[in-house]
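Here's the structure, in structure tokens; my notes come after.
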Amino acid sequence: MEYFKDNFYDRYEDTYQKTLDHMFECLEEVEPY
């Protein structure tokens, strides 16, 4: 399967984590702890 053979998962996971970090930063600006 191309998805697993070409390491698409790793690339998407990295993008997901960066996006998640960015969203948490935005949320903290709007609603700090």
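Throughout, this note's numbering is defined as the position within the sequence shown, counted from one, plus 74. Backbone N, C-alpha and C define an ideal beta-carbon position, used for all residues, glycine too.
What's the C-alpha gap between residue i and residue j?
i	j	result
Tyr86	Glu105	28 Å
Lys79	Glu103	39 Å
Glu76	Asp95	28 Å
Phe82	Tyr90	12 Å
Thr93	Asp84	14 Å
Which first and last residues belong to the alpha helix (DSSP H) in which residue i is found?
i	result
Glu99	Phe82 to Val104
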